[in-house]
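Everything on this sheet refers to the single structure shown next.
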Amino acid sequence: MPLNDIPDVCIIGAGLAGGIMAYELASKGVRVTVLEAGPRHDPQARFSYMQNRLATGADPWASNLPERDVFTNAGEVEYPLKSARVKAVGGSTLHWGGLSLRLHETDFKMKSLYGLADDWPIGYEQLEPYYGKAEAALGVAGIADNPFASYRSTKFPLPPFPFNYHDRVFKKACDKLGIVMHHIPWARNSMPYQNAPACQAFSTCGSHGICPISAQYTSERHIQLAEKTGNAQVIPNANVLRIHVDKSGRAQSVTYATPDREQHELRAGAFVLAAHAIESTRLLLLSKSSRFPQGLANRSGLVGKNFMEHLYLSVTAKLKERVAPHRIGFNTAESHQFVAAKNKDDTGSVKIEFEITGPTPLDIARRSGNWGADLAREIRESYGRDVRISLEIEQLPDEKNTISLDPKVTDYFGNPAPRITYAIGDYEKATAQKAIEIGESIFGALEGAEITRGGSESMNNIGFGYHHMGTCRMGHDPEKSVVDSDLRSHDVDNLFIVGSGVFVTGGGVQPSLTIATLAIRAAEYLAKEFN
Amino acid sequence: MRRRTFLAIAIGGLAVSAASGAKILRLGTRIPQYRKPQLDEDSPTGRLSAVEMSTVMALAEVLIPADTKSERIYNVLRSHVESRTLANNGYLEEYRRAVALLDETAESVTAVGGKFAELPVSQRQRILEDILWEYRAEQTRVRQFEAIFSPAGTLAFRNFVVRDILEAFFRKLPGEAWAIVGYSHYPGVPADPRTYSRPLQITSTSNLSDHAA
């Protein structure tokens, strides 16, 4: 498609949601242009990226334009946005873990079941077929052995990664406590799939965020497939500054700028905002006009409100026996026993992740005061004795947690930076306390395990999953939501918003598979308008 | 009074005062932030002289934890140091200061006043122990006092030179680094992906008889 053509659809953002939308639309004959703020990395260079990262520690996904990516914090909790996102073709899938989990059916009915938050305008039963499509699209390796998961009508497209040999360490304790461990669905090839090879255990996908052979899914895969249809083009380094509407209130064009600050305009028939929960929000707020004085698609005043995350706590222990970490880059066992609780009145979901991954020899050397033969001895004695339980905690939506525009700080293009106002509520703190107790009880049941980090110390070190959710929530009522169940903006009928910003609640698991699922469903709906 | 003796007395005095000691220890955790040495980013880049480089490699010989130290290891580390001083402002100056510190200490603690690089490994080890006494303290809390009592030059030596050489060893010589724990497959190297579901097979046996899973 020539660059100067007017596409049917302009997609803003080439991450997971944008990549899938691009392919789903282009493969159905819809002409698509994708504007991506960041650069396009060469997949062929992934091996050298890995080597350089191991040799120097340099993050290949670090911002290519840090002045563009400024942000501020205004809440009780400093939110570390810098390390939470990647701006490039592929988006955050370039450094994600690959966990591909379905939300539980109860997550869609929190209000009805527990009197908490709100219900989604769609239920698990409507999304279930699309979850299957998303698993096929991402190439998810798994097996349906999770007794706490909601029903599924399809098999996983790839067989699971077997348990780590040392998961048996945790299993001894979990068996005593009646906690069921099960396999993890990963968007990583356990055998060749979609022209990508099987995992070869380079062990750099988790901690280093790079699979050198692209056995782990990134949305570059769907971008490439979209381009192969002949109906899609991608423009990297295109930072969208505004969405413009015509007199009738329909989105008409966008202004985008390249790193040299030169501005361009692109018209399209419809627009899909796929820039993640924070930048999508910022762009809507920046695109205010006389017709939309609070920002585009913001009649409800809810754009930027209800920002949610998954909180992370961990309990670590030193074992008498040794495990052999770092033989693969990912975990192989979890327990969702506390994800879909029958009663969520007081505390929310807690997902247990079992991690056979302690400090590397380098990590031990950094903390040590030794060198030479003494250091070698210390590493031998210490290595392989640390294990960790990470606990992923549900956060409920709260209108006080917001993404807004900071009037005092501007970015590289002169636009207000996103301002994050974030706090952790009592419900989440109570859930975190429960999570710590679960973690400590597992190590308590494990003979010879000495907890080295947990309890109140962990409560002071709450981390994040970097799962940004809830800033453009979906719903039936235009007064109480930003998009409808097809992800069409209530206020601008040719503007769609995809990604985890539309989530009404966050559940207790990683959002990526649901992002992909919703994108496939929205693309199906949108494609009909052009066919 | 030697610095080591003074430090021991100071730490002992602080330890007996339990109530205020806790506060002081907390203060101790904050002091490193204020005394963190900074690289002089205005200082020039460049190459160390051959004599300076030989002193740095003599230091590396003591520092690195490899069981067997090959010519390949020294070539990689020499190349790393050369790249560092050529590419990153401040490092040439820090490496030169390190060479001076090592030679001055060698002259002061040896009867014959020898240069650091000319001393046997055992004497180089003792010199390093003397310079980095606070760093070697095993208790993390005690080590916080390093930031208070160590001379600025010692802090910079550890932060920019000792750490740089050790990091280079672990990052740029991963085969040798992971061999310490008996791994022949380690991050960055492909393997049979099912291996992790089986017990670890250790191929190297030096000092590792208790390591098999």
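The listed protein sequences correspond, in order, to chains A and B.
Everything in the first sequence is counted per this note's numbering, starting at 57 for the first residue and increasing by one.
Everything in the second sequence is counted per this note's numbering, starting at -12 for the first residue and increasing by one.
Beta carbons are placed, not taken as given, at the ideal position from N, Cα and C, and that holds for glycine.
Values in this document were obtained by computation on a predicted structure and should not be read as measured data.
Residue i and residue j closer than 7 Å at C-beta
i: A/S608; j: A/G385; result: The structure shown does not extend to residue 608 of chain A, since chain A is modelled only from 57 to 587, so the question has no answer here.
i: A/S424; j: A/L431; result: yes
i: A/S545; j: A/M525; result: no
i: A/S246; j: A/P215; result: yes
i: A/W152; j: A/A197; result: no
i: A/T274; j: A/G94; result: no
i: A/G74; j: A/A257; result: no
i: A/R355; j: A/G305; result: no
i: A/A307; j: A/V65; result: no
i: B/I51; j: B/T92; result: no
i: A/G188; j: A/R244; result: no
i: A/Y468; j: A/R141; result: no
i: A/P253; j: A/I269; result: yes
Buried versus exposed, by CB contacts within 10 Å (16 or more), residue i
i: A/T149; result: buried
i: B/S36; result: exposed
i: A/N387; result: buried
i: B/L73; result: exposed
i: A/Y79; result: buried
i: A/V443; result: buried
i: A/E276; result: buried
i: A/S139; result: exposed
i: A/Q393; result: buried
i: A/A353; result: buried
i: A/P136; result: exposed
i: B/E39; result: buried
i: A/S460; result: buried
i: A/A114; result: exposed
Between the CA atoms of residue j and residue i - distance to the nearest angstrom
i: B/Q112; j: A/H382; result: 32 Å
i: A/V86; j: A/A282; result: 10 Å
i: A/M530; j: A/P415; result: 42 Å
i: A/T458; j: A/I334; result: 9 Å
i: A/I326; j: A/P463; result: At residue 326 of chain A the sequence reads Ala, which differs from the Ile that was named. Going by the C-alpha atoms only, they are around 30 Å apart.
i: B/I167; j: A/A271; result: 29 Å
i: A/A583; j: A/E455; result: 33 Å
i: B/Q20; j: A/R96; result: Summary for B/Q20: the model assigns pLDDT 49, below 50, so the residue's position carries little reliability; its value from the coordinates is reported in the next sentence. Rounded to the nearest angstrom, the two C-alpha atoms are 38 Å apart.
i: A/V565; j: A/G519; result: 15 Å
i: A/S370; j: A/I412; result: 13 Å
i: B/R13; j: A/N516; result: For B/R13, the predicted structure reports a pLDDT of 48, less than 50, and the residue's modelled location is therefore unreliable. The matter cannot be settled from this model.
i: A/P315; j: A/N293; result: 7 Å
i: B/Q126; j: A/T372; result: Bear in mind that a pLDDT of 49 at B/Q126, under 50, signals an unreliable position, so the model cannot answer this.
i: A/A572; j: A/A190; result: 6 Å
i: A/S514; j: A/V395; result: 20 Å
i: A/M166; j: B/T182; result: 42 Å
i: B/T192; j: B/W165; result: Here the model assigns B/T192 a pLDDT of 41, short of 50, so the residue's position is not dependable, and the following value carries that caveat. Whole-angstrom Cα-Cα distance: 13 Å.
i: A/S541; j: A/K344; result: 24 Å
i: A/N202; j: A/I408; result: 13 Å
i: A/H238; j: A/S209; result: 19 Å
i: A/S537; j: A/Q107; result: 46 Å
i: A/D302; j: A/I553; result: 19 Å
i: A/T32; j: A/G265; result: Residue 32 of chain A is absent from the structure shown; chain A starts at 57 and stops at 587.
i: A/L339; j: A/A313; result: 13 Å
Closest residue to residue i among the options (Cα-Cα distance)
i: A/D174; options: A/V225, A/Q182, A/F164, A/Y180; result: A/F164
i: A/Y483; options: A/Q451, A/I507, A/A93; result: A/Q451
i: B/E28; options: B/M44, B/G100, B/L79; result: B/L79
i: A/T403; options: A/N251, A/N354, A/T487; result: A/T487
i: A/L110; options: B/Q188, B/T182, B/V176, B/E81; result: B/V176
i: B/P161; options: B/E39, B/P174, B/G77, B/L50; result: B/P174
i: A/D547; options: A/G351, A/L169, A/I480; result: A/G351
i: A/G357; options: A/G71, A/V539, A/E437, A/I76; result: A/V539
i: A/A579; options: A/R244, A/D61, A/I67, A/S537; result: A/I67
i: A/R475; options: A/E92, A/L121, A/F127; result: A/F127
i: A/A70; options: A/S336, A/R441, A/D61; result: A/S336
i: A/I449; options: A/K376, A/Y368, A/A421, A/Y478; result: A/Y368
Under 8 Å from the C-beta of residue i: neighbouring residues of chain D
i: B/Q112; result: Looking at the structure shown, chain D is missing, and the protein chains on hand are A and B.
Per-residue DSSP class, three states only, for residue i
i: B/S196; result: Caution is warranted here: a pLDDT of 35 is assigned to B/S196, below 50, making its placement in the model unreliable, and the coordinate value is therefore given only provisionally. In this structure, B/S196 counts as coil in the three-state DSSP scheme.
i: A/M525; result: strand
i: A/Y468; result: coil
i: A/L375; result: coil
i: A/L169; result: helix
i: B/T141; result: helix
i: A/E390; result: strand
i: A/C230; result: helix
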